[in-house]
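Colleague: Numbered per full-length UniProt numbering, the sequence shown spans residues 1 to 234.
By construction, the Cβ of each residue, glycine as well, lies at the ideal position given by its N, Cα and C atoms.
Starting off with a structure, shown below.
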Amino acid sequence: MLKIDNLNVFYGGIHALRGISINVEKGKIISLIGANGAGKSTTLRTIMGLEKSSEGKVEYEGKDITNMKTKEIVKSNLVLVPEGRRIFTNLSVRENLILGAYLRKDKKIVEDDIDWVYSLFPRLKEREWQLAGTMSGGEQQMLAVGRALMTKPKLLMMDEPSLGLAPLIVKDIFDIIKRINDEGVTVLLIEQNAKASLEISDYAYVLETGKIFMEGKGMDLLNDEEVKKAYLGT
Numbered sequence: 001m002l003k004i005d006n007l008n009v010f011y012g013g014i015h016a017l018r019g020i021s022i023n024v025e026k027g028k029i030i031s032l033i034g035a036n037g038a039g040k041s042t043t044l045r046t047i048m049g050l051e052k053s054s055e056g057k058v059e060y061e062g063k064d065i066t067n068m069k070t071k072e073i074v075k076s077n078l079v080l081v082p083e084g085r086r087i088f089t090n091l092s093v094r095e096n097l098i099l100g101a102y103l104r105k106d107k108k109i110v111e112d113d114i115d116w117v118y119s120l121f122p123r124l125k126e127r128e129w130q131l132a133g134t135m136s137g138g139e140q141q142m143l144a145v146g147r148a149l150m151t152k153p154k155l156l157m158m159d160e161p162s163l164g165l166a167p168l169i170v171k172d173i174f175d176i177i178k179r180i181n182d183e184g185v186t187v188l189l190i191e192q193n194a195k196a197s198l199e200i201s202d203y204a205y206v207l208e209t210g211k212i213f214m215e216g217k218g219m220d221l222l223n224d225e226e227v228k229k230a231y232l233g234t
């Protein structure tokens, strides 16, 4: 579904991505794990056209989207939930969700999809008309995911969805990611919570200073001694 081949990205004189290659199969959950500065967010931003690559190729559903404009990429149902949520704090929950569907013309189905998002996140339904900026961090993260789902993504990319959240809310977020995937949405996930991420992943890549250091099935990496020592604190 998504193929990255020999991707290289520079920030000034810094070689941020060093020839990485990643394959995201349709219907799977794929994770990128690694320390801060490893190149995880840069990878997602480059896929979305927010950063330019100097070399390499990004292919989505058989089409070359390398350095394509972001708005064109979103039209192809490839969507990013950015780190830090980036919700519209001065708008209500419902207004944020409606803005997520701004490219869509099927207004009746949009209403059905709002109900679907509320079924995934009942707390958002309870706060439908509350200003998003007055909600807790966990509720705002739920809204960020819900807004992205309103685009009807085929591939949903998520950048640190559990960052700064209480452990109980983190569990809820990962349960929802699994449920979204069960309903047919492919997921590419970046997480510093390596354990939670690997537990739900079909396949994962370990990034280290801009390179793929290791890859394998999620559960295999979860049980790998090197990964345990470096990323799981054991």
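#1: Between which two residues does the alpha helix (DSSP H) holding M219 run?
#2: Taking its Cβ as the centre, do 16 or more other Cβ atoms sit within 10 Å of P153, making it buried, or is it exposed?
#3: Sort I176, L50, T42, V74 by Cα distance to I200 and report the nearest one.
#4: Does the Cβ of R179 have 16 or more other Cβ atoms within 10 Å, making it buried, or fewer, making it exposed?
#5: Do I22 and E4 come within 7 Å of each other at the CB atom, strictly closer than that value?
#6: The beta strand (DSSP E) with I87 in it runs from where to where?
#7: Would you check if the distance between the CB atom of M158 and the CB atom of G100 is smaller than 7 Å?
#8: For a test of the three-state rule: what should DSSP assign to S201, helix, strand or coil?
#9: Taking just the CA atoms, how far does I87 sit from T134?
Modeller: In short, the structure shows the following:
#1: 218–222
#2: Buried.
#3: I176
#4: exposed
#5: For clarity, residue 4 is Ile in the given sequence; the question names Glu instead. Yes, the pair counts as a contact, with Cβ atoms nearer than the cut-off.
#6: Premise fails: I87 is in no beta strand (DSSP E) and is neither H nor E.
#7: no
#8: coil
#9: 11 Å
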